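Quick note on numbering: the numbering used here labels position 140 of the first sequence as 158, and the sequence is numbered without any gaps. All C-beta atoms in this analysis are idealised placements derived from N, C-alpha and C, irrespective of residue type, glycine included. Every value quoted in this text rests on a predicted model; they were computed, and no experiment measured them.
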Amino acid sequence: MPEPTIEVELPDGSRKVLAAGSTGADLAAAIGRRLAKDAVVVEVEGELVDLSRPLPDGAKVRVVVAGSDEGRQVLRHSTAHVLAQAVCALFPGARYAIGPPIADGFYYDFELPGGARFHDEDLPRIEQAMRAIVAEDQPFERAEHSVADGLEIFAAQPFKREIIEGVGALGAGDVDPELAAEAGPVVTTYRNSGSFVDLCRGPHVASTSRLGHFTLTRVAGAYWRGDEHRPQLQRIYGTAWESEEALAAHLHRLAEAERRDHRKLGAELDLFSFPDEIGSGLAVFHPKGGLVRRVMEEYSRTRHEQAGYDFVSTPHITKSQLFETSGHLDWFAEGMFPPMELDGGERYYLKPMNCPFHILIYRSRQRSYRELPMRLFEFGTVYRYEKSGVVHGLTRVRGLTQDDAHIFCARTEMREELASLLDFVLDLLGAFGLEDFYLELSTRPAGKAVGSDEEWEEATEALRSVAVAKSLDLVLDDGGGAFYGPKISVQVRDAIGRTWQMSTIQLDFQLPQRFGLEYVGADNARHRPIMIHRALFGSIERFFGVLVEHYAGAFPTWLAPVQARVLPVRDDHDASAQVLLAQLRDAGLRADCEGASEPLGARIRRGKLEKVPYLLVVGDDDVASGTVGVNVRGSDAPERGVEVAHLVARIAADAASRAVTPPIAGVDEAARA
RNA sequence: GCCCGGGUAGCUCAGUGGUAGAGCAGCGCACUCGUAAUGCGCAGGUCAGGGGUUCAAAUCCCCUCUCGGGCUCCA
19 MPEPTIEVEL PDGSRKVLAA GSTGADLAAA IGRRLAKDAV VVEVEGELVD LSRPLPDGAK
79 VRVVVAGSDE GRQVLRHSTA HVLAQAVCAL FPGARYAIGP PIADGFYYDF ELPGGARFHD
139 EDLPRIEQAM RAIVAEDQPF ERAEHSVADG LEIFAAQPFK REIIEGVGAL GAGDVDPELA
199 AEAGPVVTTY RNSGSFVDLC RGPHVASTSR LGHFTLTRVA GAYWRGDEHR PQLQRIYGTA
259 WESEEALAAH LHRLAEAERR DHRKLGAELD LFSFPDEIGS GLAVFHPKGG LVRRVMEEYS
319 RTRHEQAGYD FVSTPHITKS QLFETSGHLD WFAEGMFPPM ELDGGERYYL KPMNCPFHIL
379 IYRSRQRSYR ELPMRLFEFG TVYRYEKSGV VHGLTRVRGL TQDDAHIFCA RTEMREELAS
439 LLDFVLDLLG AFGLEDFYLE LSTRPAGKAV GSDEEWEEAT EALRSVAVAK SLDLVLDDGG
499 GAFYGPKISV QVRDAIGRTW QMSTIQLDFQ LPQRFGLEYV GADNARHRPI MIHRALFGSI
559 ERFFGVLVEH YAGAFPTWLA PVQARVLPVR DDHDASAQVL LAQLRDAGLR ADCEGASEPL
619 GARIRRGKLE KVPYLLVVGD DDVASGTVGV NVRGSDAPER GVEVAHLVAR IAADAASRAV
679 TPPIAGVDEA ARA
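Structure follows, in structure tokens:
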């Protein structure tokens, strides 16, 4: 009589016959040795389960390997368990809360007895304890329990009990789905030693020896369930990967991000600073940073002018009434600086937004449909009272300048306006070398929202169809829009793959209503315009910071504060150097000259560190033959004997082209990438 | 705002109760040089600010400001 068997279906449609009771591990082994080694969990009918669980007959299965996104999540989750086990061993009485995998790693939240805190010095010994657990090859043993048993097991773990109680209340409808998901419909636990058991839905790797390519990175405070009114826990972050190479690559990426940090480069390249005397989150731009900023603004102005915008200017402070009418004082007050009170009791606020001012310009007289769409643009400097803990370099500040515009249009014009606007946005970002985008569309929130169904539907659909037409990835943030209108935001991937939210396009059905905006239509009746808020850079400060990081401080020639620097080899080449300098400047280029008070090598070095696109050397040969030695940024060898007029034209062409990197003679773009 | 860790010369940092230091940058002098650091010298600090403990505080304690890493939020 044959042994009983089961049959499973693999992702390629093929079928595999296995002995009854075979597990995911058995399946992987049956397919191949390499797969058996790489397997961490198995997907059964769309659900990830432990390798040790028997496979059901007839199931669709897929072996998940360590190097996949899902595999890494499992590794990280399991590593988090080991972290909790190590902490519980080293800090008796520690309570453990949750420890999920996150992008690139994991964390685990703890409450230490007596309100004790982790310190950086604790990380190495915790890591050592984790490595000991890994070396012991402890199996992760899954078990299922009733809610009552779960509460019993975790009698001394209030956070676990709270999660279990959430599971017990499933069906009551008011359970945080994330917490419920942590445990599943029944209470499952994973035990990997006599002393350590954790509440967890799983799955996990088979045993701790599967782990090991991890490191703990930092300690931080975090609120239980992210709620600042609940206890603050101690969080330990770590990163974990499938191999030493992957871990090393990740650590290298972190180092690269640090090298590009705009705060560091901002000081090194003398671009901007944050003087303590002024206050947190308030930047000053130095001459070189100010220059880059001015070029950005000038380019933006030109483009807005071409796109049919009108330029306006509005004050930085206003009486409180304006923000009462707009509603900002109702829902944005804590994001605003406190008011200045005048003798008469009148209160003035610094503006956190420009919209109400632009609205007043619209409303300054009766408007005709012939004037629409009216596009009012301003580099508007606004002030927002960010909480002290959140300010961060130029990306999160308290004083910022938006490239802000408000478009007032008829509903019939809305679709076309949005379409051209998205084109404009992507084209402008592209001009700054940001080419890799995806879009996020935030739609109508459930419950009350301002504006008619038709307006919402039409606007959302317009945004969606325009995005689809651009064949960009569109991430739906369903119900994530504000109550006053749908929104599309442009997420940009930078040179090292990080994403930043830059531009936003926001429909607003509310403010036209609150301010009673109207226009007279062709039908001689009054109509309410629709309002679009939009910022392309978002904030100039943030955009500037992102550009610094994107280019690692090496701005394209058209943006570079110093585009070319002339270096005479000796003092007696100075006259020729000055002639060259004048020619460069006559060509509209930003150039300077550094005389021979230091050796040429030192001046070359400084120019390279300052990331000047063109370093031009003038020596005996050049004086004699009207040439120059050219060092193009990014090239490892200088070009000698380049004819001056040709060189000037070449740099001017590079600047005018707004190319991302200066062209190097004899090297095409593809070869440099 | 809350938690953890910082703040010493322009920058990067050493100095843990007993006379404030180094490298780089700056300034001066010399060097006049062909592609990533020329040499010598000088100057530079209320050790973030304030209060306290002590014979004595950069160092120990308290408060404030500020920076970094997080939580939360967002442009």
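Boundaries cannot be given for Val630, as no beta strand (DSSP E) includes it and DSSP labels it neither H nor E. Val635 has Leu585 and Gly647 as its beta-bridge partners, per DSSP. In the three-state scheme derived from DSSP, where H, G and I count as helix and E and B as strand, Met392 is classed as strand. In the structure shown, Leu457 falls within a strand segment according to DSSP collapsed to helix, strand and coil. Contact annotation: Ala671 and Gly606 have beta-carbon atoms that are not nearer than 8 Å. Note that the C-beta distance between His268 and Leu289 is not below 8 Å. A distance below 8 Å separates the beta carbons of Val662 and Gly644. Rounded to whole angstroms, the gap between the alpha carbons of Ala477 and His376 is 22 Å. Annotation: the stretch 401-463 contains the following complete segments of the alpha helix (DSSP H) (minimum length 4 residues), in chain order: 429-449. For Val35, the three-state secondary structure derived from DSSP is strand.
Scanning the stretch 126-163 from its first residue to its last, the whole beta strand (DSSP E) runs of 3-plus residues come out as 159-163. Annotation: the continuous beta strand (DSSP E) that includes Leu494 extends over Asp491 to Asp495. Between His222 and Glu260, the C-beta gap is not smaller than 8 Å, which leaves the two residues out of contact. Our two residues, Phe124 and Asp348, have alpha carbons roughly 38 Å apart in a direct line. Fewer than three beta-carbon pairs drawn from the stretch 547-562 and the stretch 597-613 are found closer than 8 Å, and the two stretches are therefore not classed as touching. Inter-residue distance for Leu447 and Arg393 is about 20 Å (C-alpha atoms, whole angstroms). In the structure shown, the three-state DSSP call for Asp592 is helix. Apart from sequence neighbours up to five positions away, the residues of its chain that approach Pro22 with a beta-carbon distance below 8 Å are Ala37 and Ala38, ordered along the chain. Taken atom to atom, the span from the alpha-carbon of Tyr317 to that of Lys306 is near 17 Å. If you keep only unbroken beta strand (DSSP E) runs of at least 3 residues inside the stretch 273-349, you get 335-337. Around the CB of Leu439, 16 or more other CB atoms lie within 10 Å, so the residue is classed as buried.
A direct Cα-Cα distance of roughly 59 Å separates Asn649 from Tyr537.
For His551, the enclosing beta strand (DSSP E) has its first and last residue at Ile548 to Ser557. The closest CA to that of Ala595, considering only Val79, Leu565, Glu475 and Gly647, is found on Gly647. Secondary structure within the stretch 499-574: the beta strand (DSSP E) runs of 3 or more consecutive residues, fully enclosed, are 505-511, 517-526 and 548-557 (chain order). Per DSSP, reduced to three states, the secondary structure at Thr679 is coil, with no helix or strand assignment.
Rounded to whole angstroms, the separation of the alpha carbons of Val92 and Ala77 is 22 Å.
Rounded to whole angstroms, the Cβ separation of Leu525 and Ile550 is 6 Å, and the two are in contact under 8 Å.
Across the set Phe426, Gly362 and Arg402, the C-alpha of Phe426 shows the shortest separation from the C-alpha of Leu378. Distance from the Cα of Glu183 is smallest, within the candidate group Val165, Ala174 and Ile171, for Val165.
Rounded to whole angstroms, the Cβ separation of Thr226 and His163 is 22 Å, and the two are not in contact under 8 Å. Per DSSP, the unbroken alpha helix (DSSP H) holding Gln103 starts and ends at Asp87 to Leu108. Residue pairing by DSSP places Gly239 opposite Gln252 in a beta bridge. Put simply, of Ala500, Arg271 and Ala449 the residue whose alpha carbon is nearest the alpha carbon of Thr320 is Ala449. Around the beta-carbon of Lys505, 16 or more other beta-carbon atoms lie within 10 Å, marking it buried. In the three-state reduction of the DSSP assignment, Phe397 falls in the strand class, which pools E and B.
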